[in-house]
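Here's the structure we're looking at; comments come further down.
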Ligand SMILES: N[C@@H](CCC(=O)N[C@@H](CS)C(=O)NCC(=O)O)C(=O)O
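Residue numbers (the working numbering): 41 to 381.
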């Protein structure tokens with residue numbers, strides 16, 4: 041023990057430990073480049089967020105985020121290997137290095153960062169937990185439910201929130217834990233539960249899979265805060281910056297009106313903010329190990345934040361979710377990107 045301590049001390053005095061630390065700190069980007077693809081942890085199949093079609097092609101809001109990182113690194117949004125993960129398996133997979141980033145409707149909580157040793161890089165989707173119930177008999181609020189069997193997925197914040205909320209409000213209930221969105225839909229349709237609780241966005245994704253979506257309603261009550269975003273391991277500060285600024289590039293592009301349609305104009309723009317974002321002035325992308333056109337690569341591949349939101353989950357998509365809190369701060373929402381400068 042003392043031996044090891046003295047050796048560490050000796051190495052530290054030579055600056056060896058610091059150098060080793062720096063090499064480790066950039067390991068993820070180098071590993072991704074050497075492998076030729078990003079390994080992204082996603083859900084097992086959730087419409088609008090991450091779902092594979094019959095040919096195995098993944099799409100969705102969380103999938104776009106993985107593709108955006110791949111575009112920033114490789115200038116190719118297809119250089120991603122998607123790893124579907126259950127709620128129970130996701131954080132372990134990240135900790136063990138089986139994935140480079142988790143982009144799977146995961147709520148940022150103190151316990152998941154501090155206790156699990158992970159870092160949430162951004163909030164890509166501000167959500168909150170709700171309830172889906174049969175349209176008949178009509179209820180306005182989960183507080184009106186009684187003797188209710190509520191299905192929720194194990195390994196989620198939703199189970200504990202439901203217990204807290206229903207318990208504190210003396211709603212007689214039983215929690216039925218299931219393991220996947222498929223099981224949620226099945227358990228509800230088989231009558232093993234008569235309400236579903238999950239983040240509101242996920243309730244929308246589940247509702248459209250019911251045999252009769254119109255026979256169910258999502259109640260307006262929101263019982264929790266569910267800031268959803270990508271997570272990484274704590275040991276690689278450069279990788280954390282790449283993931284975080286990928287989100288801010290998409291958001292900043294929307295703030296500045298830079299989209300797939302306006303990209304040619306943006307590249308010719310004389311506006312200083314636009315020039316810094318698209319890299320016609322400065323080379324900020326290089327400070328995180330990327331290229332100066334990193335944000336252009338991202339927008340060209342998946343669009344800006346608003347384009348990705350609308351295409352996958354927005355009002356005119358299958359899910360039909362309004363922007364709400366996820367609107368830009370300048371338009372009444374709380375999505376806000378720090379300056380690229
Ligand atoms: N945001 C919550 C809930 C996340 C979650 O896993 N929700 C379920 C709702 S159905 C889901 O998305 N499952 C997808 C899957 O297991 O593939 C959390 O981080 O704990």
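Just so you know, even glycine gets a beta-carbon here, dropped at the ideal spot from N, CA and C.
- Alpha-carbon to alpha-carbon, residue 83 and residue 253: 22 Å
- Query: Can residue 266 be considered in contact with ligand 2, in the sense that its beta carbon sits closer than 8 Å to one or more heavy atoms?
  - Reply: The model on display carries ligand 1 but not ligand 2.
- Query: For residue 233, which three-state DSSP category applies?
  - Reply: coil
- Item | Length at least 3, wholly inside the segment 114 to 177: the beta strand (DSSP E) runs in chain order | Secondary structure within the segment 114 to 177: the beta strand (DSSP E) runs of 3 or more consecutive residues, fully enclosed, are 120 to 124, 158 to 160, 165 to 167 and 169 to 174 (chain order).
- Task: Examine ligand 1 and report whether any of its heavy atoms sits within less than 8 Å of the Cβ of residue 247.
- Result: No, the beta carbon of residue 247 sits no closer than 8 Å to any heavy atom of ligand 1.
- Could you give the residue range of the alpha helix (DSSP H) that holds residue 273? Careful: residue 273 lies outside any alpha helix (DSSP H), inside the beta strand (DSSP E) at 271 to 273.
- Query: With respect to 8 Å, is the separation between the Cβ of residue 239 and the closest non-hydrogen atom of ligand 1 below this value?
  - Reply: Yes, since a heavy atom of ligand 1 falls inside the 8 Å radius drawn around the Cβ of residue 239.
- Message: Extract the residue ranges of the beta strand (DSSP E) inside the segment 235 to 260, only unbroken runs of 3 or more that lie entirely within it.
- Response: Counting only runs of 3 or more, we get 235 to 239 and 256 to 258.
- Task: Sort out for me which residues DSSP pairs residue 189 with in a bridge.
- Result: 214
- Query: On the three-state DSSP scale, how would you describe residue 267?
  - Reply: strand
- Query: Roughly how far, in whole angstroms, is the beta-carbon of residue 211 from the beta-carbon of residue 172, given that I think they are within contact range, below 8 Å?
  - Reply: Going by Cβ atoms, the distance from residue 211 to residue 172 rounds to 16 Å, so no, they are not a contact pair.
- Check whether the Cβ atoms of residue 237 and residue 151 lie closer than 9 Å to each other. no
- Is it buried or exposed for residue 118, if we count other Cβ within 10 angstroms and need 16 for buried? A residue is called buried once 16 or more other Cβ atoms fall within 10 Å of its Cβ, and residue 118, having fewer, is exposed.
- Message: At a threshold of 8 Å, does residue 146 count as lining ligand 1 (C-beta to nearest heavy atom)?
- Response: yes
- Item | Beta-carbon contacts of residue 336 that lie in its chain and below 6 Å, excluding the five residues immediately before and after | 318
- Task: State whether the segment 105 to 122 contacts the segment 243 to 251, with contact taken as three or more CB pairs (one from each stretch) at a distance under 8 Å.
- Result: Touching, no, given that fewer than three Cβ pairs across the two stretches are closer than 8 Å.
- Query: Are the segment 265 to 281 and the segment 153 to 167 touching, with three or more C-beta to C-beta distances below 8 Å?
  - Reply: Pairwise C-beta distances place the segment 265 to 281 in contact with the segment 153 to 167, as three or more of them are shorter than 8 Å.
- Query: Would you report the Cα separation of residue 79 and residue 181, rounded to the nearest angstrom?
  - Reply: 41 Å
- Query: Any chance the segment 194 to 203 sits against the segment 277 to 285, with 3 or more Cβ pairs inside 8 Å?
  - Reply: Judged by pairs of C-beta atoms under 8 Å, the segment 194 to 203 does not touch the segment 277 to 285, as fewer than three such pairs exist.
- Message: I'd like the span of the alpha helix (DSSP H) that includes residue 72, first residue to last.
- Response: 67 to 75
- Message: Tell me which residue opens and which closes the beta strand (DSSP E) that residue 78 is part of.
- Response: For residue 78, the enclosing beta strand (DSSP E) covers residues 78 to 82.
- Item | Residue range of the unbroken alpha helix (DSSP H) whose run includes residue 382 | There is no way to answer for residue 382, as the model of the chain reaches only from 41 to 381.
- Query: What's the gap between the Cα of residue 42 and the Cα of residue 141?
  - Reply: Interpretation of residue 42 is limited by its pLDDT of 39, a score under 50 that renders its predicted location unreliable; the figure taken from the coordinates is listed afterwards. In this structure, the CA atom of residue 42 is about 37 Å from the CA atom of residue 141.
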